[in-house]
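Participant: Structure below; questions to follow.
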Amino acid sequence: MLRSQIRRMTTPEQRAKILDILKSLKKIFPKIDRFAEFTPPYRLHLGCGNIKLEGFCNVDALATIAVDVIDDIRELRRFPNNSVSEIYACHVLEHFGHDEVQPILKRWFEILEPGGILRISVPDIDRIVTIYKENLTHFHTKGHSPWIGLIYGGQSTPYDFHKTGYNACWLSYLLEQCGYADCQEYPHEPHFVPGAVDASQAKEPFGVFFSLNMMARKPF
Ligand SMILES: C[S@@+](CC[C@H](N)C(=O)[O-])C[C@H]1O[C@@H](n2cnc3c(N)ncnc32)[C@H](O)[C@@H]1O
1 MLRSQIRRMT TPEQRAKILD ILKSLKKIFP KIDRFAEFTP PYRLHLGCGN
51 IKLEGFCNVD ALATIAVDVI DDIRELRRFP NNSVSEIYAC HVLEHFGHDE
101 VQPILKRWFE ILEPGGILRI SVPDIDRIVT IYKENLTHFH TKGHSPWIGL
151 IYGGQSTPYD FHKTGYNACW LSYLLEQCGY ADCQEYPHEP HFVPGAVDAS
201 QAKEPFGVFF SLNMMARKPF
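As numbered in UniProt numbering, residues 1 to 220 make up the sequence shown, in order.
Here you go:
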């Protein structure tokens with residue numbers, strides 16, 4: 001229908017010109033959806049932002065330089081149940097509302113295979129409070145924000161707002177409620193992907209780690 005309308009409205013020369021433009025656009029913006037290049041068991045890096053992890057299918061809602069698959073990580077409908085061996089979500093879970101978090105953790109549980117590993121890194125409210133108290137002079141200096149970026153998100157896109165917060169006690173409780181086992185914190189360094197650098201290891205501006213890095217497993 002659209003094709004025949006375009007045919008009626010354009011000359012062959014105009015159509016050839018449009019095709020040329022489309023071809024050059026394809027070169028500038030190569031196809032982002034590389035889902036077909038991945039096979040199960042998938043290793044998913046959810047909410048990758050600009051960080052591409054080798055060996056992972058990097059997923060984000062936005063077309064970033066790192067993304068392999070653009071998808072809403074609340075749904076992930078193209079990944080069948082029990083098809084994923086590993087999920088990594090770094091500084092992402094805090095971007096969802098209180099009511100969304102458990103359905104998301106349950107959806108990730110469904111797609112994980114038995115024995116599959118979930119790793120989550122989030123801003124740690126316990127660590128933030130401690131660092132905040134120890135650096136009160138900094139936060140009480142005119143012009144210094146009370147760490148609003150870390151607490152409320154960068155707010156650079158509609159996907160960049162923080163809606164909830166965690167400490168180890170609360171996150172492990174939520175994970176267990178969704179069926180996960182063996183919840184435990186894992187070290188900030190070295191990164192579990194050799195050479196990777198992301199928010200899970202960040203310790204600036206005070207030289208102290210502020211992330212909660214937690215892993216859990218879907219039981220066999
Ligand atoms: C703070 S960034 C973290 C980026 C990266 N993981 C890191 O550690 O630097 C959060 C990312 O989650 C993505 N995101 C937020 N909500 C999402 C959703 N519903 N589906 C897919 N990605 C989402 C954002 O687009 C953003 O790239």
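Built from N, CA and C at the ideal position, the CB exists for glycine as well.
#1: Would you report the Cα separation of Asp99 and Leu174, rounded to the nearest angstrom?
#2: At the level of alpha carbons, what is the spacing between Gln5 and Thr11?
#3: Counting only the same chain and skipping the five closest in sequence on each side, list residues whose C-beta sits under 7 Å from that of Asp182.
#4: What's the gap between the Cα of Pro103 and the Cα of Arg74?
#5: Are there 16 or more other CB atoms within 10 angstroms of the CB of Ala89, so buried, or fewer, so exposed?
#6: Does the Cβ of Asp72 lie closer than 7 Å to at least one heavy atom of ligand 1?
#7: Pick from Thr39, Asp198 and Tyr132: whose alpha carbon is nearest that of Gly47?
#8: Is Tyr159 near ligand 1, with its Cβ less than 7 Å from a heavy atom?
#9: Suppose the cutoff is 7 Å on Cβ atoms and the five residues either side in sequence are ignored; what does the same chain contact list for Pro146 look like?
#10: To the nearest angstrom, report how far apart Asp68 and Ile51 are at their CA atoms.
#11: Would Ser85 and Gly116 qualify as a contact pair, given that the criterion is a beta-carbon distance under 8 Å?
#12: Which residues in the same chain have their Cβ closer than 8 Å to the Cβ of Thr64, if we skip the five residues on either side of it in sequence?
#13: Give a single yes or no on whether Val129 has its beta carbon closer than 7 Å to a heavy atom of ligand 1.
Facilitator: Short version:
#1: Within the sequence shown, numbered from 1, the residue matching residue 99 stands at position 99. Within the sequence shown, numbered from 1, the residue matching residue 174 stands at position 174. The straight-line gap from Cα to Cα measures roughly 12 Å.
#2: Locating residue 5 in the sequence shown gives position 5, where the first residue counts as 1. Locating residue 11 in the sequence shown gives position 11, where the first residue counts as 1. Distance between the alpha carbons of Gln5 and Thr11: 12 Å.
#3: Reading the sequence shown from its first residue, position 182 is the one you call residue 182. Cβ neighbours of Asp182 beyond the five flanking positions: Ala216 and Arg217.
#4: Here the question's residue 103 lines up with position 103 in the sequence shown. Here the question's residue 74 lines up with position 74 in the sequence shown. When rounded, the distance between both Cα atoms is 8 Å.
#5: By one-based count along the sequence shown, residue 89 stands at place 89. Buried.
#6: Taking the first residue of the sequence shown as position 1, residue 72 is located at position 72. Distances from the CB of Asp72 to the heavy atoms of ligand 1 include at least one below 7 Å.
#7: Here residue 47 is taken as the residue at index 47 of the sequence shown, counted from 1. Checking every option, the nearest Cα to that of Gly47 belongs to Asp198.
#8: Locating residue 159 in the sequence shown gives position 159, where the first residue counts as 1. Yes, the Cβ of Tyr159 comes within 7 Å of a heavy atom of ligand 1.
#9: Start at 1 with the first residue of the sequence shown, and residue 146 comes out as number 146. Once the five neighbours on either side are set aside, the close Cβ partners of Pro146 are Phe139.
#10: Walking along the sequence shown from the start, residue 68 turns up at place 68. Walking along the sequence shown from the start, residue 51 turns up at place 51. Using only the alpha carbons, I get a separation of about 11 Å.
#11: As a position in the sequence shown, residue 85 is number 85, starting the count at 1. As a position in the sequence shown, residue 116 is number 116, starting the count at 1. In terms of Cβ geometry, Ser85 and Gly116 form a close pair [threshold 8 Å].
#12: Start at 1 with the first residue of the sequence shown, and residue 64 comes out as number 64. Cys48, Gly49 and Asn50.
#13: Counting from 1 along the sequence shown, the entry for residue 129 is found at position 129. Every heavy atom of ligand 1 is 7 Å or more from the Cβ of Val129, so no.
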